[in-house]
Amino acid sequence: MKKIELGHTGIIIEKNGIGCLPVQRVTKEEAVKLLKKAYEGGVNFFDTARAYSDSEEKLGEAIKGIRDHVYIATKTQAKTAEEFWKDLDTSLQTLGVDHIDVYQFHNPSFCPLPGQENGLYDAMVEAKKQGKIHHIGITNHSLKVAQEAIDSGLYETLQFPFSYLSGEPEMKLIEGCRKAGMGFIAMKGMAGGLIQDGRVASAFMDTMEGVVPIWGIQREHELDQFLEGIRQPYALTDEFKAVIEKDQAELAGEFCRGCGYCMPCPVGIPINNCARMSLMIRRAPTAAWTSPQWQEKMNLIDNCLHCNQCASKCPYHLDTPRLLQDNLKDYREVLAGKPL
623 MKKIELGHTG
633 IIIEKNGIGC
643 LPVQRVTKEE
653 AVKLLKKAYE
663 GGVNFFDTAR
673 AYSDSEEKLG
683 EAIKGIRDHV
693 YIATKTQAKT
703 AEEFWKDLDT
713 SLQTLGVDHI
723 DVYQFHNPSF
733 CPLPGQENGL
743 YDAMVEAKKQ
753 GKIHHIGITN
763 HSLKVAQEAI
773 DSGLYETLQF
783 PFSYLSGEPE
793 MKLIEGCRKA
803 GMGFIAMKGM
813 AGGLIQDGRV
823 ASAFMDTMEG
833 VVPIWGIQRE
843 HELDQFLEGI
853 RQPYALTDEF
863 KAVIEKDQAE
873 LAGEFCRGCG
883 YCMPCPVGIP
893 INNCARMSLM
903 IRRAPTAAWT
913 SPQWQEKMNL
923 IDNCLHCNQC
933 ASKCPYHLDT
943 PRLLQDNLKD
953 YREVLAGKPL
């Protein structure tokens, strides 16, 4: 196992953590089993959020009896100090803990700073003084906000999407965090499902100094693959490098990451899958995406209002309506028997 310090927090963790967003999709029994197995396999850093429906509840059940051996990060989407305290108290109660190790602002559209009218950062500082939280973090999908957080010197961790499909801007954020003594928590290490082989993703992340990937798992076989890499880290072999080069050539650039921040759509289009359908079909069995149910969902694109709400909310500044139309065109060609 490889132990590292999370920035300059003094928190010593296994380099690979677990992201608990996906466990909201499985039963409580299944979730607790997975999370306990992750701990038994060496994981001692778990990230969740108030916004992840019952994820905190499931994590709280899983860490009963082992709280002193794990570090918990969670998040608030509060817009005011009043909402902040409500979220924090709810998280503490739901998780069944007396403090949260890393408390994070959850993808705010701005960088919370001291003295702002909303009172968010000041509330975070007060919560730390009271011992309810131990370290202050922020998560984001915006390079601008992330850079502001680094430059502010006010945050101890930054959580940002990062995988081997990321580019130079994300690498600059990592370097900025290193220089600032901030921990870098990498979400979406599998690029929202576009990366297929967890071994390759894990081998790449192992080469990234100071980066803590939080692998989102909801199936035991997914967890097993990452636990194997914890027991004996995967080497970045020539074979794995070839996979990375192929994926980068095919996927890097303007593509939908499936983050879902464009949602909801006024006409019900499940944008976070429909806007990347062509890529999903190329990388998964076609039958899984051409069922009558998915055909119905893709046909909703015909009802697009071109209101551009999705594009305005996209943290990657994608032309989402155009991506939807392009993917619908490709999809109908697949249904007609034409290969992509």
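For the sequence shown, counting from 1, position 143 maps to 765 in this note's numbering; every step adds exactly one. We put the beta carbon where it would ideally sit given N, CA and C, even for glycine.
Close Cβ partners of residue i (< 6 angstroms) along its chain, the five nearest in sequence each way excluded
i, result
"G789", "none"
"Y786", "F826, I866"
"G851", "S824"
"F732", "none"
"L849", "G663"
Counted within 10 angstroms of its Cβ, other Cβ atoms place residue i as buried (16 or more) or exposed
i, result
"A813", "buried"
"Q917", "exposed"
"A864", "exposed"
"N925", "exposed"
"A804", "Per the sequence presented here, residue 804 reads as Met, with Ala not at that position. With 16 or more Cβ atoms within 10 Å of its Cβ, M804 is classed as buried."
"K637", "buried"
"N930", "exposed"
"S913", "exposed"
"Q726", "buried"
"D828", "buried"
"V654", "buried"
"D669", "buried"
"P736", "exposed"
"T631", "buried"
Beta-bridge pairing of residue i - partner residues as DSSP gives them
i, result
"M809", "P783"
"H756", "For H756, which the question treats as bridged, DSSP gives no partner whatsoever."
"P791", "Answer by DSSP bridge pairing: none, since P791 is not bridged."
"W837", "I640"
"E627", "I634"
"T761", "H728, Q781"
First and last residue of the uninterrupted alpha helix (DSSP H) at residue i
i, result
"Q917", "914-921"
"S824", "820-828"
"D744", "742-751"
Beta strand (DSSP E) segment containing residue i, residue limits
i, result
"K697", "693-698"
"F727", "722-728"
"D669", "667-669"
Contacts around residue i, its chain only, beta-carbon distance under 7 angstroms, and the 5 residues preceding and following it disregarded
i, result
"F706", "T698, A700, L742, A745"
"G890", "L922"
"P768", "Here residue 768 is Ala; the residue named in the question, Pro, does not match the sequence. The answer, listed in chain order, is N762, L780, F782, L795."
"D723", "I633, Y693, I694, A695, H756, H757"
"Q818", "R905"
Rounded Cβ spacing between residue i and residue j (contact assumed at less than 8 angstroms)
i, j, result
"L717", "I694", "6 angstroms"
"C884", "L946", "Contact doesn't hold; Cβ gap of about 10 angstroms is too wide."
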